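Residue numbers for the sequence shown follow full-length UniProt numbering, so the first one is 1 and each next one is one higher.
No residue lacks a Cβ here, since even glycine has one placed at the ideal position from N, Cα and C.
None of the values given here were measured: they were computed from a predicted structure.
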Amino acid sequence: MAVNASAEDQSHKAHRSRKSGPNAKKKSTNDKGKKKEEVSENDRKRNPKAFAFNSSVKAKRLQSRAVEKEQRRLHIPIIDRCYGEPAPYVIVVQGPPQVGKSLLIKSLVKHYTKHNLPDVGGPITIVSGSLYWFLLLIDIFH
């Protein structure tokens with residue numbers, strides 16, 4: 001019971017506002033935003049040069065940038081202007097003898113074409129669908 005009685009008699013400190021850290025920065029940016037809103041329409045009428053653009057070129061550039069950002073926001077699809085077939089992915093398998101280069105190429109061919117490759121020799125072109133072409137090159141150190 002004595003603990004409750006002493007808690008009621010205790011006076012608490014007043015709230016101390018933040019002076020540093022992320023919350024204080026948020027608070028200061030909020031205050032700055034409120035100050036910017038305080039510019040009234042009457043101030044703009046009394047001093048029109050203060051609220052005008054300094055450069056017409058800069059104003060035009062800012063306006064065109066705003067239009068471009070709006071167009072980008074609309075997610076207009078990009079037209080594929082590539083003619084012909086895409087270039088193949090070139091894969092070079094290089095290394096000393098007996099390290100598994102042929103095994104790697106055989107497994108890649110089996111994965112993409114579902115066919116077994118009995119022996120590996122020279123460049124191999126794999127066409128997997130209409131989008132993916134692979135050109136496998138093997139090189140052995142002597």
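- Task: Tell me whether L136 is buried or exposed, calling it buried when 16 or more other Cβ atoms sit within 10 Å of its Cβ.
- Result: buried
- Query: Counting pairs of Cβ atoms below 8 Å between the region 48-55 and the region 97-107, do you hit three or more?
  - Reply: no
- For the beta strand (DSSP E) that contains Y89, what are its first and last residues? Y89 to G95
- Using the Cα positions of S11 and K25, report the straight-line distance between them to the nearest angstrom. 30 Å
- Query: Is I126 closer than 8 Å to Y112 when the C-beta atoms are compared?
  - Reply: yes
- Item | Rounded separation between S107 and I124 - CA only | 13 Å
- For the alpha helix (DSSP H) containing I105, list its first residue and its last residue. K101 to T113
- Message: Once the 5 residues before and after P88 are set aside, which same chain residues still bring their CB inside 8 Å of it?
- Response: T125, W133, F134 and L135
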